[in-house]
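One structure is given below, encoded as structure tokens.
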């Protein structure tokens, strides 16, 4: 991506302009565009390399732009063109037109994962999908399908989505129903993702000729995948499907060295306990001493809470300062190869954030209870609460997997409550931090980290927090103990911007381009005389968040107003709801009657109960 170099800008100014444009495009199209330099962020997206905005730089690859005021393109040319004395450089519009007529580089492409599949089928003679292009490598969906296939012999085709294709096995006797009976599974060629919805008759004489129907389909949770050796998955099929409910299977390779290298064994395994993601945890193994036998984990510990404060409230110098992260609180439980993530209200979020599992399980311990904040960062690395919103209310594994690709989370750990059967709640904060930092060793690419602490310097902590565009800081007494579920003067939070948790008591219909949907939410904060009205938020919504608001509020409708002191103008066309949902808003100031001025919607707070909402200092 090149900025316009017209002589009025320095190279540094033009490079900064290019960076701003690239970042804006990424924010507008996060599923299609990236401006991040990390190669891990690029698969399946257009990479805008703003750093190349310099006439002295170049990228040597087909179809790369050159750093010129009117950039030409490093385009492949045919031999006959090279003999033309009028040969010149091609500009990007010309190259786009050429590719539309046929990409000359396509002939140079080697085999892909569907080459074998295409070689066995004639798209003019079979109704099966036969895509001409290569699969999109790097995709990591979690769909599965089991197809009943009446070919020369009845068998079942077992297919798991992996890296842009359906990895496939033919299972003559079908998936086993008894853990004591293993079934043969013969690995076949990879199939295109489109095959996951295929039902029909393959003509006689064609490869696999016969009737194909879907026996069951849905999504799977991955427990282990060692290419060519072992796969363990839990399948969640559709209602009425052949599996009859969730099912856990292991596929173990048995071929090679005198055997058929395509042969695997399919074994049915016991399902893990609810709320547990088991990794390498043998079924039926007893829980460790001191663990709840119903869950396999220690009893839940409600997280300690910070009290709103100002710098004047900090007396003495025995304070440690942490950054305040703009996310949702979680307590992570590790027990003998399994994990559990619980929200502040005790909601099980283990399946909601699958990208954290491997990094947590990599910690060198048998058991642990860790306190932290789950965040999603913007392209500059700053946590943004609004970017976390698409993740927090998802239930479907397919929706979770898709959202994890668009909005990957990180876990910022700041406390350690127990380790290997030993409670640390009564240990001073400084000791808990020391042990936490020894346990969570920094690893490149890890989504689980322990951010640094500032010791004894509030001014430096606040300055750093502002410079990083964070929400504020949390001050903690170095000698304080952990008080589960309580607020105390030993944990204080100081915020730069004014944000406030609010209870939703109703909504007003939108007008103009918002007609037929939610126009604004009516907000309240509990007080001594009930749920007092504090204003309405109509900005800060995207189309998706408006649709989610309608979905969440519809079942809560009620005929009367649950709010106190709502002005007539705001109540005139309001739709009232049970005050069961909590959200977060930013605002400019609090006016005389106790109203939020210019509230802007930030998102939902499912981690908060309405009874926990109260006024916070701005």
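Residue numbers (the numbering used here): 36 to 653.
Don't be surprised by glycine CBs; every beta carbon is placed ideally from N, CA and C.
Note that this is a predicted model, so its numbers are computed, not measured.
Collapsed DSSP secondary structure at residue i in the structure displayed
| i | result |
| --- | --- |
| residue 127 | helix |
| residue 222 | strand |
| residue 568 | strand |
| residue 168 | coil |
| residue 62 | helix |
| residue 582 | helix |
| residue 555 | strand |
| residue 410 | strand |
| residue 385 | helix |
| residue 445 | strand |
| residue 336 | coil |
| residue 51 | helix |
| residue 631 | strand |
| residue 595 | coil |
| residue 35 | For residue 35 there is no data in the structure shown, the boundaries of the chain being 36 and 653. |
| residue 435 | helix |
| residue 6 | Residue numbering for the chain in the displayed model covers 36 to 653; residue 6 lies beyond these limits and cannot be assessed. |
| residue 616 | coil |
| residue 245 | strand |
| residue 648 | coil |
| residue 367 | strand |
| residue 152 | helix |
| residue 112 | coil |
| residue 258 | strand |
| residue 589 | helix |
| residue 86 | helix |
Residues near residue i by beta carbon distance below 7 Å, same chain, minus five either side
| i | result |
| --- | --- |
| residue 315 | Because the pLDDT at residue 315 is just 38, under 50, the model does not fix this residue reliably, and the point stays unresolved. |
| residue 246 | 185, 236 |
| residue 508 | 356, 357, 358, 359, 496, 497, 500, 529 |
| residue 570 | 558, 630, 631, 634 |
| residue 447 | 360, 407, 408, 410, 484, 486 |
| residue 572 | 555, 556, 558, 620, 634, 635, 636 |
| residue 164 | 227, 229, 230, 233 |
Reference residue i, options the options, closest by Cα
| i | options | result |
| --- | --- | --- |
| residue 535 | 521, 546, 588, 647 | 647 |
| residue 272 | 528, 179, 610, 488 | 179 |
| residue 612 | 229, 590, 561 | 590 |
| residue 661 | 581, 572, 565 | Given that the chain is displayed from residue 36 to residue 653, the structure contains no residue 661 and the question cannot be resolved. |
| residue 511 | 553, 466, 532 | 466 |
| residue 389 | 380, 433, 265, 635 | 433 |
| residue 480 | 361, 444, 505 | 444 |
| residue 202 | 608, 177, 484, 559 | 177 |
| residue 685 | 592, 584, 543 | With the chain covering only 36 through 653, there is no way to say anything about residue 685. |
| residue 639 | 586, 503, 628 | 586 |
| residue 361 | 523, 506, 274, 149 | 506 |
| residue 277 | 238, 211, 302, 301 | 211 |
| residue 288 | 279, 298, 346 | 298 |
| residue 239 | 281, 187, 134, 449 | 187 |
| residue 605 | 541, 566, 363 | 541 |
| residue 336 | 233, 458, 219, 426 | 458 |
| residue 381 | 642, 428, 198, 267 | 642 |
| residue 155 | 244, 442, 113, 199 | 244 |
| residue 566 | 539, 220, 583 | 539 |
| residue 594 | 651, 182, 609, 130 | 609 |
| residue 617 | 257, 476, 424 | 424 |
| residue 476 | 513, 427, 396 | 396 |
| residue 412 | 628, 250, 61 | 61 |
| residue 207 | 106, 182, 198 | 182 |
| residue 171 | 78, 248, 126 | 78 |
| residue 224 | 213, 193, 253 | 193 |
| residue 420 | 129, 263, 393, 575 | 575 |
| residue 450 | 526, 117, 583 | 526 |
Neighbourhood of residue i by C-beta distance below 6 Å, restricted to the same chain and skipping five residues each side
| i | result |
| --- | --- |
| residue 209 | 191 |
| residue 162 | 235 |
| residue 623 | 632, 633 |
| residue 196 | 176, 178 |
Beta-carbon proximity list for residue i, same chain, < 8 Å, skipping 5 on both sides
| i | result |
| --- | --- |
| residue 111 | 97, 139, 140 |
| residue 169 | 144, 147, 148, 149 |
| residue 400 | 369, 454, 455, 474 |
| residue 159 | none |
| residue 265 | 259, 285, 286, 287, 288 |
| residue 441 | 65, 66, 425 |
For this session: Please specify which runs of the alpha helix (DSSP H), each continuous and at least 4 residues long, are wholly inside the stretch 486–561, giving them in chain order.
Result: 493–502
Problem set entry | Touch test, the stretch 403–419 against the stretch 226–245, Cβ-Cβ under 8 Å, three pairs minimum | no
Problem set entry | Cβ contact (3+ pairs, closer than 8 Å) linking the stretch 515–534 and the stretch 459–474 | yes
Problem set entry | Runs of alpha helix (DSSP H) wholly within the stretch 336–365 (minimum 4 residues, chain order) | none
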